[in-house]
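Visitor: Note that the working numbering gives residue 585 to position 468 of the sequence shown, counting from 1, and the numbers run on in steps of one.
For glycine and all other residues, C-beta sits at the position ideal for the given N, C-alpha and C.
For reference, the structure I am asking about is given below.
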Amino acid sequence: MTDFLDNKDTLPTSPASADASVPAGVSAASSSLLDLAVPPARPAAVAGAALEPGWLAVESLDLEAQGVARREDGKVVFIDGALPGEIVRANVHRKKNNWEQGQLTDIRRESPLRVRPGCQHFGLHAGACGGCKMQHLHASAQVAVKQRALEDNLWHLGKVRPDTLLRPIEGPAWHYRYRARLSVRYVQKKGTTLIGFHERKSRYVADMEICPVLPKPVSDMLMPLRGLIDSMDARLTCPQIEVACGDAAGTTRLGVIALVLRHLEPLSEADRDRLRAFAAAHPGVQWWLQPKGPDTVHLLDEAVPDLAYELPEFGITMPFRPTDFTQVNPHINRVLVSRALRLLDVKPEERVIDWFCGLGNFTLPLATQAREVLGIEGSETLVARARHNAAGNRQAAQRPWGQADFVARNLFEMTPEMLVADGYADRWLVDPPREGAFALVKALADLHQQPELRTGGWTPPKRIVYVSCNPATLARDAGLLVHQGGYRCSFAGAVNMFPHTAHVESIAVFDLAD
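This is the structure:
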């Protein structure tokens with residue numbers, strides 16, 4: 118995996134290049150993939166030429182991995198399974214006034230980016246798994262699609278163009294998913310248990326034997342897990358197994374596989390013994406039980422290794438519970454934390470605020486660089502764990518640590534007065550959920566437009582690094598920061614946290630323009 122942050126890997130945008138088919142910051146190899154994956158207009162071979170009845174020219178790909186084509190009258194057709202540049206036929210199953218939706222049936226001309234899916238359960242066939250959407254598209258082209266989605270959202274929703282586009286962060290395309298929520302259903306007609314993701318566009322559980330996006334030991338465990346549930350007295354009342362993987366102590370190798378069994382009725386002692394036998398037969402497995410809500414999750418047996426992940430660049434070990442929020446992809450997370458901190462460019466004498474800090478994924482590494490860091494999070498439980506993690510890492514630290522404090526607060530109800538009360542910070546790190554950070558950036562924009570509200574010598578942060586899991590809310594917040602908050606967008610780039618899915622993660626940098 119590469120963190121493409123060096124100057125040679127970024128290019129400044131310009132008015133001439135901003136609307137071009139190849140965005141600035143994409144390498145020559147990636148550019149050609151981007152042209153093929155997201156062409157700006159109809160394929161040259163068919164532009165201006167009539168197609169035979171029933172055939173459609175696919176122009177682009179949406180974020181649900183549907184090919185986008187247009188009929189002669191301009192009506193848009195979304196086609197499951199089709200790729201840009203292809204000429205296809207589709208079975209239309211949904212019609213509206215301005216658009217139709219269908220499924221690929223035939224291909225006359227195939228895209229050079231079409232590849233054989235890496236999983237036997239992926240596809241358009243009945244019973245296909247719905248966990249992935251893009252396995253039929255070359256992995257690098259998937260990244261190009263996400264980069265374009267980020268740029269399009271920033272411009273069309275926020276009217277923002279970054280000064281420099283960062284090359285995307287990308288890593289392993291397979292066996293990356295360290296967190297998953299697997300549905301469990303004992304199917305009496307089949308006399309067996311199904312464990313996995315839901316079928317495409319269905320509430321039914323896919324009949325999965327393997328899952329190549331899960332770590333290989335977890336994928337190899339799917340069929341034995343089915344056998345385990347089949348054997349249990351409670352097989353009809355266990356609807357879910359949540360998977361959370363952790364690193365082996367002191368390494369970044371997979372070492373712990375926490376399985377959280379949701380059970381609607383108390384487990385018999387015989388079932389508990391079956392779970393223990395399964396764990397004994399599968400190295401690294403530890404069972405957690407969830408009889409009711411997430412706050413009831415507890416270990417089946419206490420004497421097991423800690424569930425934790427490592428950030429070795431900063432000497433950080435981050436213990437967590439299997440139901441805590443952590444990034445799905447630890448390989449990308451390590452690079453993302455490193456890039457975010459390099460972009461933030463913290464000086465030893467500075468104070469930083471980490472908004473939506475969670476367990477301290479960014480806060481603790483920041484404490485190794487800044488004089489003081491304040492982590493603010495909405496969940497009291499996560500704040501308590503962040504404090505615990507900070508204390509443990511400070512005690513074990515072999516490098517200087519700044520002061521690290523944590524506060525619980527509803528960040529969706531921020532006001533300018535609350536922002537001023539938190540005190541001046543030289544830099545901010547913002548990592549919100551999908552809803553974004555509207556209240557926070559709105560309060561910051563209000564302080565820019567109403568300087569009389571800045572009491573006690575408060576001044577806005579010089580730089581903000583914003584990590585986003587939703588390009589639409591990032592674009593909305595970026596528009597506020599740039600057009601009302603006094604900032605410019607200096608950098609932005611995609612982060613391929615979820616290969617083969619439509620999920621777009623990204624990172625953006627905002628510098629105070631005044």
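Here's the rule I'm using: 16 or more other beta-carbon atoms within 10 Å means buried, otherwise exposed. How should S147 be labelled?
Guide: Note that S147 scores 41 on pLDDT, short of 50, meaning its location in the model is unreliable and no value can be drawn from it.
Visitor: With DSSP as the reference, label Q220 as helix, strand or coil.
Guide: The answer is strand: DSSP assigns Q220 an E or B state.
Visitor: Buried or exposed for D631, please, with buried defined as at least 16 other CB atoms from any protein chain shown within 10 angstroms of its CB.
Guide: Label assigned to D631: exposed.
Visitor: Please report how far the alpha carbon of P578 lies from the alpha carbon of R206, in whole angstroms.
Guide: If I take the Cα positions, the gap works out to 54 Å.
Visitor: Of the choices S300, V301, T532 and T369, whose alpha-carbon is the least far from that of K559?
Guide: Of the candidates S300, V301, T532 and T369, the one whose C-alpha sits nearest the C-alpha of K559 is T532.
Visitor: Going by beta-carbon coordinates alone, are Q357 and R391 separated by less than 7 Å?
Guide: Not closer than 7 Å, so no.
Visitor: Let's see if you can read the secondary structure: which residues bound the beta strand (DSSP E) around P436?
Guide: Counting along the chain, the beta strand (DSSP E) containing P436 begins and ends at I433 to P436.
Visitor: Tell me where the beta strand (DSSP E) around H210 begins and ends.
Guide: I204 to K212 is the extent of the beta strand (DSSP E) around H210.
Visitor: Tell me the rounded alpha-carbon separation between C586 and E622.
Guide: Looking at the two C-alpha atoms, the distance is approximately 4 Å.
Visitor: Can you grab the Cα-Cα spacing for the pair R593 / R468, in whole Å?
Guide: Going by the C-alpha atoms only, they are around 27 Å apart.
Visitor: Apart from the five residues just before and just after Q515, which ones in its own chain have a Cβ nearer than 8 Å to its Cβ?
Guide: Once the five neighbours on either side are set aside, the close Cβ partners of Q515 are G432.
Visitor: Near R504, what residues of its chain come up, given a Cβ to Cβ distance below 7 Å and the 5 sequence neighbours on each side ignored?
Guide: F523, listed in sequence order.
Visitor: Taking the alpha helix (DSSP H) that L406 belongs to, which residues open and close that run?
Guide: First-last for L406: V402 to Q407, but that is the beta strand (DSSP E), not the alpha helix (DSSP H).
Visitor: Report the option in M614, G275 and G610 whose CA atom is closest to the CA atom of T281.
Guide: Per the Cα distances, G610.
Visitor: Give me the DSSP bridge partner(s) of C635.
Guide: Because the chain in this structure spans residues 118 to 631, residue 635 falls outside the shown range and cannot be described.
Visitor: Roughly how many whole angstroms lie between the Cα atoms of P129 and F608?
Guide: Note that P129 scores 31 on pLDDT, short of 50, meaning its location in the model is unreliable and no value can be drawn from it.
Visitor: Can you give me the C-alpha to C-alpha distance between R549 and V584, rounded to a whole angstrom?
Guide: In the sequence as presented, Arg is not what sits at residue 549; that position holds Pro. Whole-angstrom Cα-Cα distance: 7 Å.
Visitor: In whole angstroms, what separates the C-alpha of V537 from that of L570?
Guide: Looking at the two C-alpha atoms, the distance is approximately 8 Å.
Visitor: Between L461 and chain C, is any beta-carbon pair separated by less than 7 Å?
Guide: Absent from the structure is chain C; it holds one protein chain and no more.
Visitor: Please state if the CB of G248 and the CB of L221 are separated by a distance shorter than 7 Å.
Guide: Not closer than 7 Å, so no.
Visitor: Please go through the segment 467-530 and give each complete beta strand (DSSP E) segment of 3 or more residues, from N-terminal end onward.
Guide: Correct list: 468-472, 489-494 and 520-525.
Visitor: Can you look up S319 in the DSSP assignment and give me helix, strand or coil?
Guide: DSSP places S319 in coil when its eight states are reduced to three.
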